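Protein sequence lines correspond, in order, to chains A and B. Everything in the first sequence is counted per numbering that gives the first Met the number 0, starting at 0 for the first residue and increasing by one. Everything in the second sequence is counted per numbering that gives the first Met the number 0, starting at 0 for the first residue and increasing by one.
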Amino acid sequence: MTLDQLGIGDSFVISHVTAVGEIRKRLVDMGFISGATGTLLRRAMLGGPLDLRLGAYRIALRSDEARQIVVAGRDA
Amino acid sequence: MRSTPPPDHHPTPVVALAGNPNAGKTSLFNALTGQAQHVGNYPGVTVDKISGFATIQGHRLEIVDLPGTYSLTAYSLEEIVTRDFVLKEKPDVIIDVVDSTNLERNLYLLLQFQELGVPVVGALNMADEAERKGIHIDVPLLSKLLGIPMVPTVGSKGTGKDALLQAVLDVVQRRVDTAGRHLNYGPELEDRHDEVVEALRSDAVFSERYGLHWTAIKLLENDQDAVAKVRQEHAHADLVLDTARRAADWVSKHFGKDPEVVIAEQRYAYIRGALREAVRTDPKPSGARDPTDTVDAAILHRYLGVPIFFAVMGAVYSLTFLVGNPLSTLVERLFAWLGELATTLLPPGILQDFLVNGIIAGVGGVLTFFPIVVLLFLGLSFLEDVGYMARAAFVMDKFLHLFGLHGRSFIPLMVSTGCAVPGVMSARTLVNPKDRILTVLIAPLMMCGAKTPVIAMLCAAFFPKHAALLFWCVWLFGWLLAFVLGFAFRKTLFRGEDSPFVMELPPYRLPTVRGIAQHMWHRSWSYVKKAGTFILASSMVIWALLNYPKVGTWSQDYDARAAAVQERARQALEAPGIADEARALIQKKRSDALAAIEAEKRIEAARGSFAGRLGRFLEPVSTAAGFDWKLNVALFSGIAAKEVIISTMGIVYGVGDTNPDDESSPSAPAPLRQRLSADRAYSPPAALALMIFVMVYVPCVATLSVTRKELGSFKWPAFMAGFTLLLAFTLAVLVYQVGRLLV
């Protein structure tokens, strides 16, 4: 399952990132690595960016990027 | 392996301040350096370099503020500047400013500095916030585990700054050695790493210049910047790169993931281990909610988010004009007074005319809007520093993305509604060069502080009943045009992949007064500089173009006409038994007639000048849009600065200076307004065409200049001038011709 397929309020654990190059560097630098946990808080309207809590901070990213992050569900 | 400068490398120790964005680096920098700061540039790039001095125990330290970065990969300009500074300038110590409420991610950068082999001290900033959140850090233990001295600080209050400087001093004076250890990446990685290090050692000069340990890691990560450096500077580049590639392939096969990912995971694993031992977090009382989350539930609400955004922007603008208009009037009165002073002190002649109508009018006209621009920047700076701008980018990203723009384009566009000069400069935050150039090209299409008085006056003159509504429509038109053009450019000239949108939403924090003031001042200063340089120079040039050559022979004897008017009035006033009302009426008619003659004379003078001739030359073409030679002259002067359009119009319409006794607002000199609406050559469609032309055509010289500086080439401002002129004229002609058919 990829990050963009989660429902609002779902918690997740990151499995790995399928992106390559610049996008992957950016994601990894921002903490999207195996084992990181978080929650999907909300989505902007009309398919806009996702608002996540990742560890202790909040990150916004587009569905395009979220689609390249593989996650597993997690009981909050 | 570490490349350290010899002990006397820097006479005054250089301390670099680094850290994540939103970690409070700027507040800490202010606390350490006090008032005296110097803003410069990193060589070759448009990133501000801010430096200052701090003193501890009689020792002076130079503190350099590095840009905020998340990592030392070569992803963005900020990161490249940071690592180049560390590699080339070799600061004596780096202070890494860490957000104590967000340790895991902030320490990721700290580890990378350690990899670089440069002495690091950690400032555990926002210590008060961490305590409030129940995060208890065993600082000595954490320091020991990471091998780096750490000091808790509260940058906004200055707490801990002495202890921090003491720790820095200890490192500088070699009482503490921080660079001795580096993170162990596990045996497999360490072996591959050592192989690459060995290959690198084959060039002693390179080894001296760059940290081997760090370069080896970067090569394993396939960091392009490191690869380029090796290729350019290492004597045995092929050997090194070959070794690195083989090592990287081995790691990929062994771990089933790229070395880049493996190394990142190792860093995080190491950090987690250290945090597990040294940090204890109180469990959150059930039901307790972070204030940031509570506020965001409303601000980022799926359906309320956008309306709230418009409301916030509306509030900022309303306040700006509410407080700014009276202040503008004050500035205007000041310059009018200066003009009068010059008129009385200097004998009539060229110098007086030059000073009063050239310089004071020109520069004064621009600085009149300074209060409004400053207030707008104050509002925007507050929103940025409190953390709202990131939310605005979140809410508006979809919309921007539809037009091919990046969420980060948003702030430059907002800033450009005040002035495009700092607006273009804020485009630096865009990582992708295509996004950046695109944003710079469309930013000047906004209605800026300079265009505002022109548009406002035209609205009031030609559409008195709906002036305010029309004004805001034109304002929106600027945004619309920017988006549409951005979209068009994205599809044609700047095709390519979309840059990723991965943005941190920082917790809401109350900014310090000093922080906002500095932030605001930094931008406003560009506006003042613009006035002091370009506008001053341009005012002088335009004055010359409008006043020379002087008329040799007048087309009619104006003096005789004026004398005749005086004579008639004198005779009328001598009539016996004349009532006071009649007397006043005769006097008024006399001054009106004299003013009209003066005006005709001035218009003829303007018509014969260089500027007038240019205007007439363009007339055959410009009439398609409804512009006569007078408007052409005014628009030409607007290339200097858009505000100048109004004062030039005053001159070519023979109105001269704004009447200081006039009660009207700074943006609508009544005599000019009356003259315009009375001139039968102008009509609403022509006025509309004019407004659109003013909004779109060639950006002012200051903007063009800053564009050249930011994008590094003359071709961009040239392109900008060209396409805006063409687009503006096309739209103006369209509006005028269609308008004429409809009206």
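Glycine residues also receive a C-beta, built at the ideal position from the N, C-alpha and C atoms. All figures in this text were calculated on a predicted structure; none of them were measured in a lab.
| Whole alpha helix (DSSP H) elements within the segment 168 to 229 of chain B, 4-residue minimum | 186 to 199, 203 to 208 and 211 to 219
| query | When you compare only the Cα positions, how much space is there between B:A595 and B:R601? | reply | 10 Å
| query | Of the residues B:G57, B:H58, B:R82 and B:A73, which one's Cα is nearest the Cα of B:L16? | reply | B:R82
| request: Mark B:C472 as exposed unless 16 or more other C-beta atoms lie within 10 angstroms of its C-beta, in which case mark it buried. | output: Exposed, since its Cβ has fewer than 16 Cβ neighbours within 10 Å.
| query | Tell me which same chain residues have a C-beta within less than 7 Å of the C-beta of B:G514, skipping the five on either side of it? | reply | T25, S26 and D384
| said: Any C-beta of chain A within less than 7 Å: which residues of the segment 57 to 75 of chain B qualify? | reply: Y69, S70, T72 and Y74
| Along the chain, where does the beta strand (DSSP E) that runs through A:R42 open and close? | T36 to R42
| Counting Cβ pairs, one atom from each stretch, are 3 or more of them under 8 Å apart for the segment 560 to 578 of chain B and the segment 611 to 618 of chain B? | As far as the Cβ criterion goes, the segment 560 to 578 of chain B does not touch the segment 611 to 618 of chain B, which means the pair count is below three.
| said: Which residues of the segment 13 to 33 of chain A have a Cβ closer than 9 Å to any Cβ of chain B? Give them in chain order. | reply: H15, V16, A18, V19, E21, I22, R23, K24, R25, L26, V27, D28, M29, G30, F31, I32 and S33
| In its own chain, which residues sit with a C-beta less than 8 Å from the C-beta of A:R76, not counting the 5 before and 5 after it? | Shown here, chain A extends from 0 to 75; a query on residue 76 of chain A therefore has no answer.
| query | Shorter than 8 Å from the beta carbon of A:L45 to some beta carbon of chain B? | reply | yes
| request: Kindly indicate the opening and closing residues of the alpha helix (DSSP H) around B:I270. | output: P258 to A277
| What residue range is occupied by the uninterrupted beta strand (DSSP E) comprising B:M502? | V501 to E503
| said: Mapping the DSSP letters down to three states, classify B:E383 as helix, strand or coil. | reply: The answer is helix: DSSP assigns B:E383 an H, G or I state.
| field | Residue burial classification, B:D202 (beta-carbon count within 10 angstroms, cutoff 16) | value | buried
| field | DSSP three-state assignment for A:Y56, whether helix, strand or coil | value | Assignment of A:Y56 by DSSP, reduced to helix, strand and coil, places it in the strand class.
| message | So, under 8 Å CB-CB, A:A43 and B:G304 are touching, yes? Tell me the CB distance rounded to an integer number of Å. | response | 7 Å
| said: For a test of the three-state rule: what should DSSP assign to B:E642, helix, strand or coil? | reply: coil
| said: Taking CB distances under 8 Å as the criterion, tell me whether A:R61 reaches chain B. | reply: Closer than 8 Å: yes.
| query | In the DSSP assignment, what residue or residues form a beta bridge with B:E61? | reply | B:V13 and B:F52
| said: Determine, for B:A247, whether the minimum Cβ-Cβ distance to residues of chain A falls below 8 Å. | reply: no
| query | Excluding sequence positions up to five away, which residues of its chain have a Cβ less than 6 Å from the Cβ of B:L218? | reply | Closer than 6 Å at Cβ, skipping near neighbours: V195, A225 and A243.
| field | For B:I93, the three-state DSSP class (helix, strand or coil) | value | Here B:I93 sits in strand by DSSP.
| request: State yes or no: is the beta carbon of B:K160 nearer than 8 Å to at least one beta carbon in chain A? | output: no
| 8 Å Cβ cutoff met for B:V372 and B:G338 | no
| field | Delimiting residues of the alpha helix (DSSP H) encompassing B:L703 | value | V700 to L710
| message | Would you say B:N124 lies against chain A (beta-carbon separation less than 8 Å)? | response | No, B:N124 lies away from the interface with chain A (no Cβ there is under 8 Å from its Cβ).
| request: Would you check whether the ligand GTP has a heavy atom nearer than 7 Å to the C-beta of B:A481? | output: Because no ligand of any kind appears in the structure shown, any question about the ligand GTP cannot be addressed here.
| Exposed or buried, B:P548, counting other C-beta atoms within 10 Å across all chains shown (16 or more means buried)? | B:P548 should be labelled exposed.
| Taking just the CA atoms, how far does B:S251 sit from B:L440? | 43 Å
| query | If you draw a straight line from the C-alpha of B:F461 to the C-alpha of B:K450, how long is it? | reply | Cα-Cα distance, rounded: 17 Å.
| request: List the whole-angstrom C-beta distance separating B:D91 from B:P118, where the pair is believed to meet the contact cut-off of C-beta under 8 Å. | output: 7 Å
| field | Proximal residues, the segment 49 to 60 of chain A versus chain B, C-beta separation under 7 Å | value | Listed by position along the chain: D50, G54, A55, Y56, R57, I58, A59 and L60.
| message | Under 8 Å, CB to CB, which of the residues in the segment 262 to 278 of chain B have a partner in chain A? | response | A263, E264 and Y267
| task | Determine which residues share a DSSP beta bridge with B:T68 and list them. | result | BP columns for B:T68 are empty, so no partner.
| Do you know how far the Cα of B:I93 is from the Cα of B:K397? | 39 Å
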